[in-house]
Amino acid sequence: MAKIGIYGGTFNPPHFGHVNLAKNAIKALELDKLLIIPTALPPHKSADESVEQSERLEMTRIAFEEVKDAVVSDIELRRGGISYTIDTLNEIKRLVGPEDKLYLLMGSDMFNMIEKWRQFKDIFKLCTIAVFERENGDTKLSEYVLYIKEKYNADIVFIEAPVIEMSSENIRTMLRCGCNMGHVLPYKLAQYIADKNVYLPELEVMLSEVLSRKRFLHSVSVRDESIKLARIYNVDIAKAALAGLLHDITKEKTYDEQLQLCKEFGIILSTVEKNAPKLLHAKTGAYYIREKLGIDDEDIFAAVYYHTTGRAGMSPLEEVIFLADFIEPLRDFDGVDSIRQYAYTDLNKAIVTACDISIDEVRNNNMTVHENTLSARAYYAGRNNML
Numbered sequence: 413m414a415k416i417g418i419y420g421g422t423f424n425p426p427h428f429g430h431v432n433l434a435k436n437a438i439k440a441l442e443l444d445k446l447l448i449i450p451t452a453l454p455p456h457k458s459a460d461e462s463v464e465q466s467e468r469l470e471m472t473r474i475a476f477e478e479v480k481d482a483v484v485s486d487i488e489l490r491r492g493g494i495s496y497t498i499d500t501l502n503e504i505k506r507l508v509g510p511e512d513k514l515y516l517l518m519g520s521d522m523f524n525m526i527e528k529w530r531q532f533k534d535i536f537k538l539c540t541i542a543v544f545e546r547e548n549g550d551t552k553l554s555e556y557v558l559y560i561k562e563k564y565n566a567d568i569v570f571i572e573a574p575v576i577e578m579s580s581e582n583i584r585t586m587l588r589c590g591c592n593m594g595h596v597l598p599y600k601l602a603q604y605i606a607d608k609n610v611y612l613p614e615l616e617v618m619l620s621e622v623l624s625r626k627r628f629l630h631s632v633s634v635r636d637e638s639i640k641l642a643r644i645y646n647v648d649i650a651k652a653a654l655a656g657l658l659h660d661i662t663k664e665k666t667y668d669e670q671l672q673l674c675k676e677f678g679i680i681l682s683t684v685e686k687n688a689p690k691l692l693h694a695k696t697g698a699y700y701i702r703e704k705l706g707i708d709d710e711d712i713f714a715a716v717y718y719h720t721t722g723r724a725g726m727s728p729l730e731e732v733i734f735l736a737d738f739i740e741p742l743r744d745f746d747g748v749d750s751i752r753q754y755a756y757t758d759l760n761k762a763i764v765t766a767c768d769i770s771i772d773e774v775r776n777n778n779m780t781v782h783e784n785t786l787s788a789r790a791y792y793a794g795r796n797n798m799l
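Residue numbers (this note's numbering): 413 to 799.
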């Protein structure tokens, strides 16, 4: 009797999380073979069809090539259509020996939807369900497993496995922003993706075409700094990468072009903003990203909208973009080193220092300070007992 594991997914792209889960499953279940099966069309979520199925298959082969006893199968890709697990299990059952035992691997999020799967009761008859469990366990998951066992006489086991807190969707987003993702992708796979331009850094290419070289390099530098700060302050890294890269997308448009965008997007300007053209790109940029690029995310919108002035009570993402724009490595002005020093250890003090420098610059130019900057300064000084 052979013990055969089945591990399916879109694998777009496969990453260290997938590879590590596969290794843990092989060891924990003492599998003779683990079938890694890229899905054709997932039934429970919309498919990202920007990458060819053949490309996903090749990436999966590269990612798992060094995992002993793992075999990548194109069974679902060859079958085509929606990849229902029951169809795959029936097909595998016909190919293996009558005494061979099948283990269907899945994460807790998928298991929690098991009663919505097609012919799920028949799935229980064909295999043992192996659920990946976080190290500290999950009471609700354990209760649901017990319920499924008792109600359907299902055979279910847990596999304790470390979880990498980054989704394939976030990895794709960052690859398309031109980010280096070698820390979450197997080395050979990262090289393959770069060489083949599987996830063309389309946003980076587009930005290079609408900005001057200097402004483009600043935007890339803000993206990288945003990612660095996002890791420190537990902010969504993909959103930080997107907002950081695109924050200045309308920066180099003329004043008349900015006003035209304000009219197009229905942006109402205050007197201060009308007299300070450099403030307009934050507002027009936020709307441009949403209306023209189709990135309809309120967190990213707000981060770009307030990245120049700041505001009281910024979201963690807004704080990251606000600071990253100030301290990215290409910046060189009096006081920047102080902001950099605080940015990694005392976020409130960093924001207050950045606001002070901005306020002094505006006043030295005999201009009116934006009320959002003043309120941001007061808010973060109060949080840090600096009033």
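Where a beta carbon is used, it is the ideal one built from N, C-alpha and C, also for glycine. In this text the structure is predicted, and so the values were computed from the model without any measurement.
Annotation: the continuous alpha helix (DSSP H) that includes A714 extends over 710–717.
By alpha-carbon distance to E616, the top candidate from A652, L657, N646, S633 is L657. Contact between I769 and A755 is absent: CB atoms are separated by about 13 angstroms, not below the 8 angstroms threshold. A Cβ-Cβ contact shorter than 8 angstroms links A655 with I712. Between I541 and A573, the C-beta gap is not smaller than 8 angstroms, which leaves the two residues out of contact.
With a threshold of 16 other beta carbon atoms within 10 Å, M586 meets it and is buried. Inclusion of Y667 and A698 in the CB contact set at 8 angstroms is not warranted, their separation being larger than that value. For the segment 467–507, the full-length alpha helix (DSSP H) segments reaching 4 residues or more read 487–491, 497–507 along the chain. Collapsing the DSSP output to three states places I679 in coil. Residues of the same chain with a CB within less than 6 angstroms of the CB of L516, apart from the 5 flanking positions on each side, are I418, C539, I541 in chain order. The beta carbons of K663 and L729 sit no closer together than 8 angstroms. Between F628 and S638, the CB-CB gap reaches or exceeds 8 angstroms. Here A482 is not near P598, since their CB atoms are 8 angstroms or more apart.
Burial check for K600: the Cβ neighbour count within 10 Å stays below 16, so the residue is exposed. Counting only runs of 3+ residues, the beta strand (DSSP E) found wholly inside the segment 508–538 occupies 513–519, in chain order.
In the structure shown, E581 adopts helical secondary structure according to DSSP, grouped into three states. Taking all protein chains in view, the Cβ of R588 is crowded by 16 or more other Cβ atoms within 10 Å, so the residue is classified as buried. Assignment of beta strand (DSSP E) within the segment 732–764, counting only whole runs of 3 or more residues, yields no such run. Taken through DSSP and simplified to helix, strand or coil, E442 comes out as coil. Residue range 783–795 is occupied by the alpha helix (DSSP H) that includes T785.
Taking C-beta separations shorter than 8 angstroms and ignoring five residues to either side along the sequence, the partners of G493 in its chain run A452, L453, following chain order. The segment 684–692 makes contact with the segment 782–791, as at least three CB pairs between them are under 8 angstroms.
Distance from the CA atom of S554 to the CA atom of V479, rounded to whole angstroms, is 29 angstroms. Beyond the five residues adjoining it in sequence on each side, A440 comes within less than 6 angstroms, by CB distance, of I571 in the same chain, given in chain order.
The C-alpha of N424 is placed about 9 angstroms away from the C-alpha of I583.
Beta-bridge partners of F570 (DSSP): V543. P455 sits in coil when the DSSP states are folded into three classes, being neither helix nor strand.
A direct Cα-Cα distance of roughly 10 angstroms separates I438 from K415. Between the beta-carbon of I498 and that of Q531 there is about 4 angstroms, and that keeps the pair under the 8 angstroms contact cut. Put simply, the backbone Cα of S495 is about 15 angstroms away from that of L469. For L692 and D746, the gap between their C-alpha atoms comes out near 24 angstroms. Distance from the CA atom of V647 to the CA atom of V569, rounded to whole angstroms, is 34 angstroms. With a beta-carbon spacing of about 12 angstroms, F734 and G725 fall beyond the 8 angstroms limit used to define contacts. Residue nearest to I771 within the set H456, G429, L786, Q672 is L786 (criterion: CA-CA distance). In the assembly as shown, K665 is a buried residue. Its beta-carbon has 16 or more other beta-carbons within 10 Å.
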